[in-house]
Amino acid sequence: MVLLLLIGLIHVFIVTHAELLQGLYCGTENCYEVLNIDRTEFNKNMLGRTYRKLAAQYHPDKVTGAKKKEAEEKFRQIATAYETLKDDETRADYDYYLNHPEQRAYNYYQYYRRRVAPKVDARIVVLVTLVLISIIQFLSAAQKHKEALDYAVKQEKYRNAAKEIAKERGIPLQGDFRNRKSRKEYAEQVLRQIIEENVDIRGGYKKPSIYNTLLWTIIVLPYTVYRYVAWNFSWFIKYHVKKEDYDDDAKSYLIRRNMSLSEEQFA
């Protein structure tokens, strides 16, 4: 009876290990067994302690003679097992592989997907995304501003005002050109520059600025929150605790708030 039980256990052991594939994870070895860890009691603290102990024991630099090659292979297995089990996602794939070794195609796919797929720092992805969004915001604002400026340049009242300013500054609109087309282009360039300097374009068509991008908003967010809290605290103390009369700035703020206008729209 005991002999039959022993034979059965040996058979299960051989079948289980025969199902593990060479070239995946720890090969035909079980990564948990390589590190002498009970799979049912696994935790990362145990993994770290066991790895450091075995790595120190089998480090090739500490072994000489005929056993050095054997130690190198063992050290490689230990390192592979540790790398497999330390990452939660890789360990989950490996556990599935142990539970379903018959699903070879899927297990091969999961293994090589993890190895081939580049591991990009999430912080870099977020930063690049913010930069791209901010660039798009800036270019969009620049295009809208250009459209507004193109419209203003065509308006007779702005052109006449620009001509007067050019005259006051002593800037000739004809320029030193013999070609009529060149003189016209020069005059348009001068008028456009003067109009851009003097016309106040606001709202969604204002001049583009990095200070209006998402990236800058996030960078200065701590300072913005600090100013907001400090301003509200000062308002509460001044007008609710001390009961002071509203000054001109406070009155303007209350009017703007009641009209649901931004500071830029109200200005």
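Residues -18 to -1, 1 to 249 (mature numbering (1 follows the signal peptide of the UniProt record, and there is no 0)) make up the sequence shown, in order. Ideal placement from N, C-alpha and C gives every residue a C-beta, glycine not left out.
Residue environment for LEU67: buried (at least 16 other C-beta atoms within 10 angstroms of its C-beta).
In the DSSP annotation of this structure, the continuous segment of the alpha helix (DSSP H) that includes TYR76 starts and ends at 70 to 81. In the assembly as shown, ILE176 is a buried residue. Its beta-carbon has 16 or more other beta-carbons within 10 Å.
Here ILE60 really is in contact with LEU36; their C-beta atoms are around 5 Å apart, less than 8 Å.
Distance between TYR7 and VAL113, taken at the CA atoms: about 38 Å.
ARG174 and LYS136 have their C-alpha atoms some 9 Å from each other.
Contact annotation, VAL45 with ALA38: C-beta distance approximately 11 Å; criterion of less than 8 Å not satisfied. Contact between the segment 180 to 188 and the segment 205 to 221 is absent, with fewer than three C-beta pairs closer than 8 Å.
Annotation for ILE106: the continuous alpha helix (DSSP H) segment containing it runs 104 to 136. For LEU173, the three-state secondary structure derived from DSSP is helix. Around the C-beta of ASN240, fewer than 16 other C-beta atoms lie within 10 Å, and the residue is accordingly described as exposed.
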